[in-house]
Amino acid sequence: MSSPMRAELRLGWPAAIAWAAGFLAVGFPDAAGWVAASAALLAIGTVAVLLGGSHSLSTRRILALVALGAAATAVVCSAVAAAAPSRTPPVLVQAADEHRTVTVQAVVSSAPAVGVGAFSGSEQVRFEARVLSVSSRGPEGVSRPVSASAPVLVFGEVDGEHPPIGATVRARGTVKSTEAGDDVAFLLFASAPITTLSPAPWSLGWADPLRSGLTAAATVLPGDGGDLLPGLAIGDTGAVTAELDAAMKSSSLSHLTAVSGANCAIVVAVIVLLGALCGLPRRARYLLALVALAGFVVLVTPQPSVLRAAVMATVVLLALGIGRPGRGLAALSVAVVVLLAVDPWLARSYGFALSVSATAGLLLLARPLATTLARWMPAPIAIAIAVPLAAQLACQPILILLDPTVPVAGVLANLLAEPAAPIATVLGLIGCLLLPVLPGLATACLQVAWVPSAWIAQIARTVDGLAWTRLPWLGGAAGALLLAAVSAAAIALALRRRDRASPRVVGVLVTGLLVTAGAYGGALLGSSVLRSLSMPADWQYAACDIGQGDAVVVRDGSSHALVDTGPDPALLAGCLDSLGIQRLDLLVLTHYDIDHVGGVDAVVGRVDHAVVGLPETEADREILARLQAGGTSVERGTAGLTGSLGDLDWEVLWPLPDAATMAMGNAGSVTMRFTGSGLSSAFLGDLGEEPQRALARATPITPVDVVKVAHHGSSDQSAELYERMHATVGLISVGAENSYGHPTARLLAILRSAGTVAERTDEQGLVLLAPGDDGTVRVWSERRRAVGGAG
């Protein structure tokens, strides 16, 4: 490594220190001022020492890095200390604590995402906004409006058109405080339609007709290509179906529809090239490119993620423009500190971390990897492989924290999609800009752009359908550190200079990689692979072993439903991973006890539709809001509601929709029946004996193959109901050695009397049920030998 490169790498330490300090400071804002003052004093003292005497070169370098790190820390922590009070104005804090209704005026800061209201069935939006003023309603009446500057996430229905970024809106509802390190300080649940008080200023509003025009024109085009095109061109994924979105994520192509540095680089490169063809001088070309970049940021909506992408794209372009990757690293370090000083809460943003990591990976690894790969293949192919590989190697340790799997087909998918993405982006963007003035030419551009868009969509669906596209990995910080170490060793081994490589170092790297691979392969074969090989391929019901709680998966072909989530997101995520389930078509939340909804965070963003019980508390409504924020449509489950899951039909049997007889809590558990292909079933939630008797009176009860036993096998059961269901198997989802004595002797006796075989997660772990011959039920469980049938 050259001396200039080493010098530029050293400049990354102050940025890393400031980042770490910001990460801690936003979580403990009360201490941020003291940290900023201490860091400032350290910086001043270090500079005094540096200037006050003669030191060796290495000492001067260390002192300079300490001074820069302390100064950067002081800047970032000062920004936290200055912004923290305005993020949590007392009037909003008090309203959240006392569940008061507030009325706010706020400026919209993110594009509204559209969904369906949890129970009203009407259109609902969610968007980020910055509060300008707030008044609250309490026992003493309505307070006078108070100025504020708090970031909020708003949920509610809109009166009229969706408010664009920059518009001023009025919203009335209740608020809930978030954690100190979250990017928004409050969640606001509007109880009345949100009204727009003033439109966005012209500097932002000009782009709205262009965005809506592109979406309308593209969705006329057939299939996935039309749905995906606005996302590739301007990052608008509103038309992308849930299935296509899941396939894009599974194939590691979702970054193509998220506006990133690559999109910004394409726009700037096209403008610079056109300027050169027109004979413009160099300075004019770069000035025009900056203007185009600013316009592009407004067009795709100037959200924080887009602004990050623009800054990072500028860094990469500067580095490529001067032909010195090391200079780019220095600029990247400065950009990190500047962005954190403007918004310190970016320090905890996964998007920010991925932006920085991808940029650093391209600057550090793309060229060396391309040079190494060029030994065995033509240089253009080597570059095409090196670019996505460098970005994935840099980002994957962070992605492990979000999803503990390694996408083995991701590089291949990106290699195939890479030539098509710029064409779709450029032609889609040209079509978007021409639609108001030359609609015929614009339509022609969009029709041509549809071809690469459809190609990318087909790649995503094909890769998503392949087996072993993602390998399981150790989750959490330990998994991220292990993958980072393995990646670093592999990179060092691949990029080593043959004429300078130490045999001892090479031996250590090879041994370390072999030991890690062997341990990983042994653990994989010893657990998940062997277990997967023994599982019945045609299983239809899976009772997850998640302790004292319910989480049962229903499957028909490629469609999956989950009834309740258990108490722990990690346990639920592990069960779904072991079953190979990435996305759920249906989620049922029978009621809101922690042992039924505590694991919901494991599936937020992975569910198409949810059927839920009536929320009773603010915490219940917050769960539904998190699901909706992840793109899930939410519907209240009452008797008579029906739907389908593959070839299975489902029907809600309880509670009754009559408000006068509405049951709450356990007694109001959403009770469902699945019928159709394979095994029929009934899910009883936590119903007690009296609600079970009421259910039997209100609904015709027919025999089923499987019954999910109510309330983990408590004694509060109706023997008559189980007799009438006459199920072959009774699934009991219950924790081992629980303090409730579940399942009780009375319940087990009721099942025996009804001719129902009990299958228990406390004794058997994961339990799978599959259709057997002649109407039997085949049972598999992880802690006992598979048996031939239960029927």
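If you count the sequence shown from 1, you need to add 52 to reach our numbering. Think of the CB as a built atom: it goes at the ideal place given N, C-alpha and C, for glycine as much as any other residue.
- In the DSSP assignment, Leu498 falls within the unbroken alpha helix (DSSP H) covering Pro491 to Asp516.
- Shown here, Arg419 sits in a helix according to DSSP, grouped into three states.
- In this structure, the alpha-carbon of Ala259 lies about 41 Å from that of Gly698.
- Val159 sits away from Pro203, with the two beta carbons spaced by 8 Å or more.
- For Leu392, same chain residues with a beta-carbon under 7 Å away, outside a window of 5 residues either side, are Ala70, Trp71, Gly74, Val128, Leu398 and Ala399 in chain order.
- Shown here for Arg745: same chain residues with a beta carbon closer than 6 Å to its own, the five before and five after excluded, namely Ser770 in chain order.
- Counting along the chain, the unbroken alpha helix (DSSP H) around Phe348 starts and ends at Arg334 to Leu351.
- Ala461 and Asp234 have their C-alpha atoms spaced approximately 33 Å apart.
- Within the stretch 610 to 659, the alpha helix (DSSP H) runs of at least 4 residues that lie entirely inside it are, in chain order, 621 to 630 and 646 to 649.
- When the beta-carbon positions are compared, Pro588 and Gly730 stay at least 8 Å from each other.
- Contiguous beta strand (DSSP E) elements confined to the stretch 672 to 739 occur at 685 to 688, 694 to 697, 700 to 706, 723 to 728 and 733 to 735, taking only those with 3 or more residues.
- Shown here, Asp279 sits in a helix according to DSSP, grouped into three states.
- Assignment of beta-bridge partners to Trp254 by DSSP yields no partner.
- By the Cβ-count criterion, Gly626 is buried, with 16 or more other Cβ atoms from all chains shown falling within 10 Å of its own Cβ.
- Of the residues Glu150, Arg139 and Ile217, the one whose Cα lies closest to the Cα of Ser199 is Arg139.
- Looking at the DSSP output, Tyr593 sits in a beta bridge with Val606 and Leu821.
- About 3 Å separates the Cβ atoms of Ala446 and Gly413, confirming a contact at the 8 Å cut-off.
- Val227: member of the beta strand (DSSP E) spanning Thr220 to Ser229, first to last residue.
- According to the DSSP assignment, Leu115 belongs to no beta strand (DSSP E) but to the alpha helix (DSSP H) extending over Leu109 to Arg139.
- If the five residues before and after Trp525 are omitted, its C-beta is found closer than 7 Å to the C-beta atoms of Ile452, Pro456, Thr457, Val458, Gly531 and Leu535, all from its own chain and listed in chain order.
- Remark: C-beta atoms of Ala438 and Leu425 approach each other more closely than 8 Å.
- When secondary structure is reduced to three states using DSSP, Phe241 falls in the strand class.
- With a cut-off of 8 Å on Cβ pairs, the stretch 602 to 618 is not in contact with the stretch 828 to 835, counting fewer than three such pairs.
- Take Leu103, set aside five residues on each side of it, and no residue of its chain has a beta-carbon closer than 8 Å to its own.
- The beta carbon of Ala148 sits closer than 6 Å to those of Val227, Lys228 and Ser229, all from its chain and outside the five residues before and after it, given in chain order.
- Under a 10 Å Cβ-count criterion, Phe80 is classified as exposed, with fewer than 16 other Cβ atoms of the shown protein chains found around its own Cβ.
- In the assembly as shown, Ser791 is an exposed residue. Its beta-carbon has fewer than 16 other beta-carbons within 10 Å.
- In terms of Cα proximity to Ser785, the closest of Ser767, Glu772, Val606 and Glu811 is Glu811.
- Residue environment for Ala671: exposed (fewer than 16 other C-beta atoms within 10 angstroms of its C-beta).
- If you draw a 10 Å sphere on the C-beta of Thr411, you find 16 or more other C-beta atoms in it, and that means buried.
- When DSSP states are grouped into helix, strand and coil, Val198 belongs to the strand group.
- Residue pairing of Ile246 in beta bridges, as defined by DSSP: Val210.
- Shown here for Ala662: same chain residues with a beta carbon closer than 6 Å to its own, the five before and five after excluded, namely Leu639, Leu679, Thr684 and Val686 in chain order.
- Taking Asp602 as the centre and dropping the five residues before and after it, the same chain places the C-beta of Asp616, His648 and Ser785 closer than 6 Å to its C-beta, in chain order.
- Here His307 is buried. Its C-beta has 16 or more other C-beta atoms within 10 Å.
- The beta carbon of Gly657 lies closer than 7 Å to those of Gly682 and Gly683 in the same chain, with the five residues before and after it left out.
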